[in-house]
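**Q**
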Amino acid sequence: MVIARPNGSGKLRSRFDPNCVKGFIFLGTPHEGSELMVFAKAMSLFGHWQGSSSTLLEVLDHRSQENRSLHHDFLTGYGSTEMVNFYEVMPECMGPFPIMNAVSKDSASIPGKFNIPCPGTHRNIHRFMSDKELGYIRLRERITNLVNDNILLKYQGSILQDMKTFSDHVESVFQQEFRVVKINREAIKWFLESPEYYGWLSSNEARFLWYSGPPGSGKTTTSLEIVNQLEEKYSFRTRLAYFFCSHHSKISLSTPPQRITSVALVTAITSQFIGRDNFPNLPTDIQAHLSAGHRPTENDHEVALWKALQTMLFSMLTENQEVRIVLDGIDELPRAEMTRFLRSLRDIWDTVETAIAGGSKRLKILIVSRPFKIIQDIMAGLPSINPEKESTDCLNSLAARADNERRGLVSLGEKETGAWLWVDDTYKDWNDSKESALLWIQGKPGSGKSTLSKKLLSDIMSRHKIPDRYGVFTKKPVCPAAGTHMSPNTSTVLLASFFYSLRGAKSEISNTQMLQSLLYQLLDQERRLYPIFRETYRKLLAGAGGRAANIDWSFDNLHHVFASLAKFEDFHLEVYLVIDGMDEAEKSERDRILSLLEHFGDTGSKGRACIIKYVLASRPQDDIKDSLLDRESRKGFFHLILEQKNEEDIKSFIRVKMVRLQKAYRSKHSSSRNNSTSMASFEDVLRDAADYLAEKARGVFLWVEIVTNELKRCVDTGYIPIAIKKTLHELPEELEEFYERIINDLLARFEEKGKRKIDDLVREARQMLTWATFAERPLTVEEFRHAIAIPATVEENSGIDLSAHLLPDHSNVKLRIAHVCGDLLEIIPMSNSSGRLKTRDHEDIIQLLHRTVRDFLTRDSRAGQFSMKRPQGEYEIFVNCISYLRLFTERCPQICLDDSDDTDDAPTAVAVIRYLRDWPLLFYIFRFLPRHLQNSGDKVDQARNIGAEFAESVMRQEGTPASWLLASWFERTGLLRDDSLEGLGEADDFRLLCNQEASFKDDTVDVAATLLELEAVSTAATSMEDDNDLFWYVLYWGWESPRAALESTVKLLYKWLRQLATQELSAPFLERERILIYRHKTVQLLYKWLRQLVT
């Protein structure tokens, strides 16, 4: 054709009349030239003296305009004709060194046509040693197909001709999709490297693989790459059929264009397999059906197509050919069509696999779709892969240490507090920055750093509509099992936060926990971040024996993943990080955390896909100050010093406090004769106090809070205005001095009660402070009321009645705390972030006033008689808990057995439930007693002996409700020295009975929660059974007998709960929010509690 070009394009076209040409087969033809021409031109110079010319080579240069014009003319005249292009796979070599392909794949291919790889180099693309070579076989196949396709023209309007049209359409759609689709390289990489796909691709056994995932997760791009690789690398030994479904795909057959249906889809698959070599193998009635005129209304049409496909599969597999079928977007079909097609395909799979011994090992089918429940049901028992599962497993492995209770306990303060921030130039510059940036909020203890951080969080969530999870994170169920489909979990703005805390025993000061919490939050909000986790997660998974539940993320693992965030480039992402209390973080890794945060700002984020804007709030400790101020002159660093900014907030806070003092004074002196004079004098004191506080506060809210509390006590005790003013000016100006003053005032007050009372009051104060300082979580007021009522010593058979030691009610608890602990403790509303399940709508908790109180009590010698050390405090709490349990068990047998003469278990269970209502601290003890034992330091053996002696004394009362309740718990917590326990089955049945009885009334839901807590740590799992059918039967058909339905529901949830002890709970019901249609409070309680317990 190149030689003919000078003769004129008109003459050229006359030689190749499109009506006479039936097809072209190009063997390595450089349609767009060759980059190897530069070497060819150089070689031609050596033969120049013999008359060599480089004219032809210049035409074939990849930059040649003549070549482009020639190719354009050819496609204009013959583009509609069928074409097959073969291209080489191996490059040309110079000696042992490979150079490049003589003709690249792109140059040798024509979009929309058949483009087939050929083994070997360019010079071997048309040279074959025998008719057994794969290259020759594939070339012969294509020549045969061109001939057969023309033979099929005699069936104009027939089903067979429609199948030819379908086959051409499939290839055309594939080529078009491959050119225009946006490549999701991470999704492709994940799938191609997965063990499931590797097994499907390389195994000698039959493989059926279902690849499911949410919309936008890269399934279609992955399918396109799979088909492309199969065409390029495996086409010589594989018979391949594929199809990409779409709502908008319409095929013009003998009938008008139709939407993709089950019939159309099976036609597409069959059309890619049918040919002269297997058409004669079809049954004669099928041949006749396919050759006849198109009759879409006949009922047997689809049956005939499936029969034809099955026959061809048998034929190809019998000849030991490898057959692969790839179907993408099967869920795009109408539901009825999709169901019919998949059931028929499953039937063929089962039939072929059973019928051909050994032959079925060559059949591979890949189905790609969204995770629809109906598809899962049809594919039951067949291998599947879901990218969401791996990312969900990774997320769940992070969940165990991702919670952050402190964040939920931080108050937002008054609405006006912190309003200055939104108009502050430094904040606005940070907020408006288009690059990664750090905002350091520096402040003294008690200056409102945490409150301001919480307000920042609230503002970011509000502006970007990010839901608040309150810092408690639970395991996520894998999506496919539950709903009809899964919506993509994607966002372009992410928010993660962590609030360090050094206030209770469960101190949240771990840098490992901080990184784990932040990474959990980010991955939970945006699953497309998973690629930065994948490599590390897979290594950890392999080291954990393939069980995600056994993975333990180290600081180095988390640090590596977190550092990768700055280099994330897959899509645009804006990440907000809020970290409060960095000065409270453990020092061991703090320098690495600070360096990591600095790294985010130093990576040159301009133009990057991922922008990281983070807030760091802390005291100006030396290491933090040195690290952060070192970058003060750099771009992207913003610095706020609270004491220089919150003056108006402090004044506003003081005004609120003064108004409350004024009301308290007026109420106290309302009946006085000199009320007006006294009130005027007091108002003068208040004005002086407001000025004094504003001057001395230096930005510290906590100091103002403590001072005004002291003034309130002066008012309550009848101080005259001048005495109040004198007291004000005598108060310390530093927090530590104030704590010392509080303790000294308490001791002075105790001495007024007499020497015999001092020791009792100090012991009572220490008991309160010990629980507040070292408890694993803040106690509710009711739990605290019981904790501080526990006598110092409880011997066996003590006969002590705990109720005689309890304070009357919660108001008395508040008064008693103020009397023996002053301002060192506070009572605040419990947030949803608490790890304890709330069984009441409103509960208050008790905690230390501030982290600085803990520091003072545990580190400062000025604390005197109130000084405490952690191991001793943990030991004292352990002993308190054993004493509480001893009092509980001492009276439990008598109450239970005397309650009813009936030997049936039910009355006894009812009595136990009534009794349990009066022991709220059990909920805490059942979960946390082992931790206090472990943390008892050098007294751990002494503590263990105390616990063991108590456990043995209970178990000597064999057959009592107390022994039934606690037997398994004793065993699992290690308090029993003898591991051989008998009668555990009877004990398990009794606990189940108690749980059922406790679930019937709203006023015993606390007892149900306590019993479930007991069960979670005392019962070993047996086997995970699938009770979903029973569960849904209970919910939907149990209405005629509500009590029976409730009993069955509780029993089922209880059974699942007992399986949590040794293996993960992955039952799909946890994701089914429809459980809440059963409006019984106990069922809702169990459901919420189970979701928390999974972690």
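Quick note on numbering: full-length UniProt numbering labels position 1075 of the sequence shown as 1075, and the sequence is numbered without any gaps. Beta carbons: idealized from backbone N, C-alpha and C, even for Gly. It should be emphasised that the depicted structure is a prediction, and the values quoted were computed from it without experimental measurement.
#1: Can you give the Cα-Cα distance for L577 and I817, rounded to whole angstroms?
#2: Quick one: measure Cβ to Cβ for S447 and N646, integer angstroms, because I've assumed they're closer than 8 Å.
#3: Below 8 Å, can you find three or more Cβ-Cβ pairs linking the segment 962-974 to the segment 881-894?
#4: In the structure shown, what three-state DSSP assignment does Y500 receive?
#5: Have a look at I882 and L857 and give me their C-alpha separation to the nearest angstrom.
#6: So what does DSSP say about D591, is it helix, strand or coil?
#7: Closest to E569 by C-alpha separation, out of K539, I611, M582 and L596, would be which residue?
#8: According to DSSP, is T220 helix, strand or coil?
#9: Counting along the chain, where does the alpha helix (DSSP H) carrying L849 start and finish?
#10: The beta strand (DSSP E) with N85 in it runs from where to where?
#11: Using 8 Å as the threshold, is the segment 20-40 in touch with the segment 63-70, meaning 3 or more CB pairs across them?
#12: So, L495 versus M461, is the Cβ gap smaller than 8 Å?
#13: Using only the alpha-carbon positions, how far apart do P920 and G864 sit?
#14: Quick check on C610: does DSSP put it in helix, strand or coil?
#15: Using only CA atoms, which one of E874, V656 and L746 lies nearest to K415?
#16: Beta-carbon within less than 6 Å of C20's beta-carbon, same chain only, minus the 5 sequence neighbours each way: which residues are those?
#17: Under three-state DSSP, which class holds A585?
#18: Pick out whichever of M658, P98, C118 and K625 has its Cα sitting closest to the Cα of D583.
#19: Bridge partners of E508, per DSSP?
#20: Which residue's Cα is closest to the Cα of W553: T512, K567 and R756?
#21: I need the DSSP call for Y530, collapsed to helix, strand or coil.
#22: Between the C-alpha atoms of P829 and E736, what's the straight-line distance to the nearest angstrom?
#23: Runs of 3 residues minimum, wholly inside the segment 518-583: which ones carry the beta strand (DSSP E) assignment?
#24: Below 8 Å CB to CB, which residues in the same chain sit around R763 once its five sequence neighbours on both sides are set aside?
#25: Taking V410 as the reference, give the member of L363, Y500, D347 and Y136 with the closest Cα.
#26: Between which two residues does the beta strand (DSSP E) carrying N115 extend?
#27: In this structure, how does DSSP classify R369 when only helix, strand and coil are distinguished?
#28: Let's see if you can read the secondary structure: which residues bound the beta strand (DSSP E) around S212?
#29: Mapping DSSP to helix, strand and coil, what is R972?
#30: Can you name the start and end residues of the beta strand (DSSP E) that Y242 belongs to?
#31: Is A542 near I551, with beta carbons less than 8 Å apart?
#32: Pick from E782, G873, E435 and T220: whose alpha carbon is nearest that of L769?
#33: Can you name the start and end residues of the beta strand (DSSP E) that R324 belongs to?
#34: Could you tell me which of S203, Y78 and E225 sits nearest to F24, measuring between CA atoms?
#35: If I790 sits next to N880, beta carbons under 8 Å apart, how far is it from one beta carbon to the other, in whole angstroms?
#36: How many angstroms separate the CA atom of S953 from the CA atom of W771?
**A** In terms of the structure at hand:
#1: 37 Å
#2: So it is a contact: roughly 7 Å between Cβ atoms.
#3: yes
#4: coil
#5: 25 Å
#6: Here D591 sits in helix by DSSP.
#7: Checked all of K539, I611, M582 and L596; the closest Cα to E569 is I611.
#8: Helix, per DSSP.
#9: Annotation: L849 is outside any alpha helix (DSSP H) and is labelled neither H nor E by DSSP.
#10: M83 to E88
#11: yes
#12: Yes, Cβ-Cβ distance for L495 and M461 is below 8 Å.
#13: 33 Å
#14: Three-state result, C610: strand.
#15: V656
#16: none
#17: coil
#18: K625
#19: S501
#20: Nearest option by C-alpha distance: T512.
#21: coil
#22: 26 Å
#23: 573-580
#24: A792
#25: Y500
#26: F114 to C118
#27: The sequence given here has Ser at residue 369, not Arg. In the structure shown, S369 sits in a strand (DSSP, three-state: E or B).
#28: R207 to S212
#29: helix
#30: T238 to F244
#31: no
#32: G873
#33: E322 to D328 is the span of the beta strand (DSSP E), which, as asked, contains R324.
#34: Y78
#35: 5 Å
#36: 27 Å
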